[in-house]
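Participant: Chains Y and P are the protein sequences, given in the same order.
Position 37 of the first sequence, counted from 1, bears residue number 37 in my numbering, the numbering being contiguous throughout.
Basically my numbering = 1-based index in the second sequence + 1000.
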Amino acid sequence: MSPQSKSTRIGAIEPDYSAYDVVQERERLRNFLKENGLWIPEAFFQNIRTGDVIDLYSKPPQLSLLYCNSEFKRLCSYSKEQMEKMPFTQLFWRSDEIQQKVIHRMTEIALQSSEAAPWGIENHELVESLHPRKRTFEINLGWIAPCFDLATRERRAFVSSLKVALIFEWPDFKVA
Amino acid sequence: MASCLTDAITRYPFPVALIDCKGVILASSPSWHDIADFDDNFQSKLEQCLNVGSSEFLDNEFKYLCQMTRVDNDNPSETVIWAHLVDITTLDFATRSREAEQVHLKKLQDLSEMAAAMAHEINNPLTVIMAKIAHIRNEMQIDPSRVSAEYLNESLAKIAHHSERIFKIVNGIRSFSRDSRQDAMSLASLKSMIDDALSLVNPTIRDSGVKIELIGFDKELMVPCRPSQLIQVFLNIIKNALDAVKPIPFPLIHIQAVTEGEKYVLRFSDNGPGVSPEHEDKIFAPFFTTKPPGAGTGIGLSVSMRIMHDHHGAIYYDRSRALSCFVVELPVQNNSAATDRKGKSA
């Protein structure tokens, strides 16, 4: 968030989204879903914004990463293996109040809703908990949607969009 | 009887005696005379010993255990009884010391398990504080007018919020980690102790999305206790509840405090699957656990029961409730003690 106002710009430095192609991002996500026999509501695709990180996690309580776009890979310092093996909550930290809201909304959408919907949660900080320099991002949550098995219609996962900007990391010494 | 044996017994530093089959003391140590004070029970126990080979009984003041052993002789009329007294007040003290040691060891074990998580719980919000400070400082260096009052207020509120959070966590660790084995009872706030216990499992509460509801807690509700030990009891119950509700979509832990006559009753309820009837009578036994190997030592509830016993309270599982419910009962504070000890709370 800008020091001046609650604008859509997040982080200390305006991120460079010139290489981001929304149409391509939609297509990549569709391909992944098709290859894996999955389905998500169309409204989610329509609300992908330029610069959005897109990630797909198995439904709670597992929360393992199943898919992420290149924007996510560009920003996140964890490896694909770490993201797949470890639950999100061990890798990242948010304040108690935000985390409660996020988990409640995620559970509600992933396990109960059939529609895509805005996250509806204020901008906040997210810390890479296991990173030695505790890289800290400002998060602007976008949309969330349930993800179903195309054949069985069972709930399998949920997909989320968010804007992310690196705002801080400790100097080069280990803090935890 | 050889005179050297008689001589040895009369010089023996502990309370012992040699008694004939009619109950006549043939030889005894000096301390035997100082201590031995038995009623009619002595004669019946003597007969029991002669018949079955051994017997034991307590003295009139319940301080000493008299243990008697029959010493057979080729001539049955010369059968004697060896008797010695054991100071059970010392034994009781030793047992209690051992129990206190176990309570302390369990606490150290809990602390070591929580240490890494607690480090993150402090360092992560500290990082957010630093992020806010660094951002404001950078902007101020470029141009102070870039930092609006609104942004400054928001940032300061966040810094204060995270600082308070760290303060609470450190307080929780400090209250819990205190070695209370030698502590006298003092008055402490039930609410503060519950808050301290909750702060120690905050990562699990937050990351599992568990909703915690506290009902009936008044900051003025004070109980005579060893605070770090009660925090340990609350922590054990809450940790078990968290393990039970973690796999549930909308997990809930509900902690209610009520006064019922002469006792405070705390009910820890959760919407987990509860304790199965076949496990109910075993859950307070040491080393009993239903958790997978490595996930639980099975001593949390047995240690909690010992602590509650020391506090003249109780802990039990209440099957009659709709939700899975553990109950902790504590005696209501003595008014005079409360007045005397005010200000010593946790």
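C-beta atoms are modelled at their ideal positions from N, C-alpha and C, and glycine is treated no differently.
Please identify the residue among 1210(P), 1015(P), 1140(P) whose C-alpha is closest to the C-alpha of residue 60(Y).
Facilitator: Here residue 60(Y) refers to the residue found at position 60 when the first sequence is read from its first residue. Nearest of 1210(P), 1015(P), 1140(P) to residue 60(Y), Cα basis: 1210(P).
Participant: Taking just the CA atoms, how far does residue 1229(P) sit from residue 68(Y)?
Facilitator: Here residue 68(Y) is taken as the residue at index 68 of the first sequence, counted from 1. Here residue 1229(P) is taken as the residue at index 229 of the second sequence, counted from 1. Taking the straight line from one Cα to the other gives about 47 Å.
Participant: Within 10 angstroms of the Cβ of residue 1300(P), are there 16 or more other Cβ atoms? Answer buried if so, exposed if not.
Facilitator: In the second sequence, the residue the question calls residue 1300(P) occupies position 300. Result: buried.
Participant: Check whether chain Y comes within 8 Å of residue 1114(P), counting only Cβ atoms and requiring the distance to be less than that.
Facilitator: Sequence index remark: in the second sequence, residue 1114(P) carries index 114 (1-based). Closer than 8 Å: no.
Participant: Spell out whether any CB of chain P is found under 8 Å from the CB atom of residue 176(Y).
Facilitator: The residue given as residue 176(Y) occupies position 176 in the first sequence. Any reading at residue 176(Y) needs caution, since the residue's pLDDT is 48, under 50, leaving its predicted position unreliable; the model's value is listed next. Chain P, which has a Cβ nearer than 8 Å to the Cβ of residue 176(Y), makes this yes.
Participant: Please tell me whether residue 126(Y) and residue 92(Y) are closer than 8 Å, where the distance is taken between their beta carbons.
Facilitator: What you label residue 126(Y) is simply residue 126 of the first sequence in a count that begins at 1. What you label residue 92(Y) is simply residue 92 of the first sequence in a count that begins at 1. Result yes, Cβ atoms of residue 126(Y) and residue 92(Y) sit closer than 8 Å.
Participant: Whose Cβ in chain Y lies nearer than 8 Å to the Cβ of residue 1188(P)?
Facilitator: Along the second sequence, one-based indexing puts residue 1188(P) at 188. Ordered by position in chain Y, no residue passes the 8 Å Cβ test against residue 1188(P), which lies about 24 Å from the chain.
Participant: Taking the CB atoms as reference points, tell me whether residue 1194(P) and residue 1217(P) lie closer together than 8 Å.
Facilitator: Residue 1194(P) sits at position 194 when you count from the first residue of the second sequence. Residue 1217(P) sits at position 217 when you count from the first residue of the second sequence. In contact: residue 1194(P) and residue 1217(P) (Cβ atoms closer than 8 Å).
Participant: Excluding the 5 residues preceding and the 5 following residue 1256(P) in the sequence, name in chain order all residues of the same chain whose CB lies nearer than 6 Å to its CB.
Facilitator: Within the second sequence, the letter at position 256 stands for residue 1256(P). Hits under 6 Å: 1215, 1216, 1267.
Participant: Where does residue 112(Y) land, buried or exposed, given buried means 16+ other C-beta within 10 angstroms?
Facilitator: Here residue 112(Y) refers to the residue found at position 112 of the first sequence. Looking at its Cβ environment, which holds fewer than 16 other Cβ atoms inside 10 Å, residue 112(Y) is exposed.
Participant: Given a cut-off of 8 Å, decide if residue 159(Y) and residue 44(Y) are closer than it, judged by their beta-carbon atoms.
Facilitator: On the first sequence, position 44 is the one that residue 44(Y) refers to. On the first sequence, position 159 is the one that residue 159(Y) refers to. Yes, the Cβ-Cβ distance between residue 44(Y) and residue 159(Y) is below 8 Å.
Participant: For residue 1327(P) and residue 1281(P), what's the separation of their Cα atoms in angstroms?
Facilitator: To locate residue 1327(P), count along the second sequence from 1; it is residue 327. To locate residue 1281(P), count along the second sequence from 1; it is residue 281. Computed Cα separation, rounded: 15 Å.
Participant: Using the DSSP secondary-structure output, state which residues sit across from residue 140(Y) in a beta bridge.
Facilitator: Taking the first sequence and counting its residues from 1, one reaches residue 140(Y) at position 140. Answer is 163(Y), bridged to residue 140(Y).
Participant: State buried or exposed for residue 1004(P), treating a residue as buried only when at least 16 other CB atoms are found within 10 Å of its CB.
Facilitator: The sequence position of residue 1004(P) within the second sequence is 4, counting from 1. The residue is exposed, with fewer than 16 neighbouring Cβ atoms inside 10 Å.
Participant: From the beta carbon of residue 158(Y), is the nearest beta carbon of chain P less than 8 Å away?
Facilitator: On the first sequence, residue 158(Y) is found 158 positions in, with the first residue counted as 1. Judged by the 8 Å Cβ criterion, residue 158(Y) is not in contact with chain P.
Participant: Of the choices 1144(P), 1166(P), 1114(P), 1106(P), whose alpha-carbon is the least far from that of residue 1129(P)?
Facilitator: Position 129 of the second sequence, counted from the first residue, corresponds to residue 1129(P). Closest option to residue 1129(P), Cα to Cα, is 1166(P).
Participant: Within its chain, find whatever has a CB closer than 6 Å to the CB of residue 1072(P); leave out the 5 residues flanking it on each side and keep chain order.
Facilitator: Numbered from its first residue, the second sequence carries residue 1072(P) at position 72. Answer for residue 1072(P): 1079, listed in chain order.
Participant: With residue 77(Y) and residue 135(Y) assumed to form a contact (beta carbons below 8 Å), what rounded beta-carbon distance in angstroms separates them?
Facilitator: By 1-based counting over the first sequence, the position of residue 77(Y) is 77. By 1-based counting over the first sequence, the position of residue 135(Y) is 135. Sure, about 6 Å apart at Cβ, within 8 Å.
Participant: How would you list, in chain order, the residues of chain P whose beta-carbon sits under 9 Å from the beta-carbon of residue 82(Y)?
Facilitator: The sequence position of residue 82(Y) within the first sequence is 82, counting from 1. The premise fails here: residue 82(Y) is roughly 16 Å from chain P at the closest Cβ pair, so nothing lies under 9 Å.
Participant: Please confirm whether residue 1324(P) and residue 1275(P) have their CB atoms less than 8 Å apart.
Facilitator: Translated into the one-based positions of the second sequence, residue 1324(P) becomes position 324. Translated into the one-based positions of the second sequence, residue 1275(P) becomes position 275. Result yes, Cβ atoms of residue 1324(P) and residue 1275(P) sit closer than 8 Å.
Participant: Taking 8 Å as the threshold (beta carbon to beta carbon), is residue 111(Y) in contact with chain P?
Facilitator: Stepping through the first sequence from its first residue, residue 111(Y) is reached at position 111. Yes, residue 111(Y) counts as interfacial toward chain P.
Participant: Residues of chain P with CB closer than 8 Å to the CB of residue 34(Y), please, in chain order.
Facilitator: Within the first sequence, the letter at position 34 stands for residue 34(Y). The contacting residues do not exist; residue 34(Y) stays about 28 Å from chain P at best.
Participant: Quick check on residue 110(Y): buried or exposed, where buried means 16 or more other Cβ atoms within 10 Å of its Cβ?
Facilitator: As a working mapping, residue 110(Y) is identified with position 110 in the first sequence. Buried is the call here.
Participant: Return the CA-CA distance between residue 1104(P) and residue 1110(P), expressed in angstroms with no decimal places.
Facilitator: Your numbering for residue 1104(P) matches position 104 in the second sequence. Your numbering for residue 1110(P) matches position 110 in the second sequence. So the alpha carbons of these two residues sit roughly 10 Å apart.
Participant: Residue 115(Y) CB to nearest chain P CB: under 8 Å?
Facilitator: Within the first sequence, numbered from 1, the residue matching residue 115(Y) stands at position 115. Answer no: the Cβ-Cβ gap between residue 115(Y) and chain P never drops below 8 Å.
Participant: Ends of the alpha helix (DSSP H) at residue 1151(P)?
Facilitator: To locate residue 1151(P), count along the second sequence from 1; it is residue 151. First-last of the alpha helix (DSSP H) with residue 1151(P): 1149-1177.
Participant: Pick helix, strand or coil for residue 1270(P), following the three-state DSSP scheme.
Facilitator: Numbered from 1 along the second sequence, position 270 holds the residue referred to as residue 1270(P). In the structure shown, residue 1270(P) sits in a strand (DSSP, three-state: E or B).
Participant: Using Cβ-Cβ distances below 8 Å, what residues of the stretch 122-150 of chain Y are close to chain P?
Facilitator: Correct list: 125, 127, 129, 134, 136.
Participant: For residue 1184(P), which three-state DSSP category applies?
Facilitator: As a working note, residue 1184(P) is residue 184 in the second sequence. In this structure, residue 1184(P) counts as coil in the three-state DSSP scheme.
Participant: Could you tell me which residues DSSP pairs with residue 149(Y) in its beta bridges?
Facilitator: The residue you call residue 149(Y) lines up with position 149 of the first sequence. DSSP output for residue 149(Y) lists 38(Y) as bridge partner(s).
Participant: Report the three-state DSSP secondary structure of residue 1030(P) (helix, strand or coil).
Facilitator: Position 30 of the second sequence, counted from the start, is the residue given in the question as residue 1030(P). Helix.
Participant: Write down every uninterrupted run of the beta strand (DSSP E) in the stretch 89-119 of chain Y whose length is 3 residues or greater and which is fully enclosed by it, in chain order.
Facilitator: Qualifying beta strand (DSSP E) stretches: none in this window.
Participant: By the DSSP assignment, the alpha helix (DSSP H) with residue 1224(P) in it spans what residues?
Facilitator: Here residue 1224(P) corresponds to residue number 224 of the second sequence, with the count starting at 1. Element bounds for residue 1224(P): not the alpha helix (DSSP H) but the beta strand (DSSP E), 1222-1225.
Participant: Using only alpha-carbon positions, find the residue among 107(Y), 172(Y), 119(Y) that is nearest to residue 58(Y).
Facilitator: The sequence position of residue 58(Y) within the first sequence is 58, counting from 1. Minimum Cα distance to residue 58(Y) is reached at 107(Y).
Participant: Is residue 119(Y) closer than 8 Å to residue 144(Y) when the C-beta atoms are compared?
Facilitator: Mapped onto the first sequence, residue 144(Y) falls at position 144. Mapped onto the first sequence, residue 119(Y) falls at position 119. Contact flag set, yes.
Participant: Run through DSSP, which three-state label would residue 86(Y) get?
Facilitator: Taking the first residue of the first sequence as position 1, residue 86(Y) is located at position 86. The answer is coil: DSSP assigns residue 86(Y) none of H, G, I, E or B.
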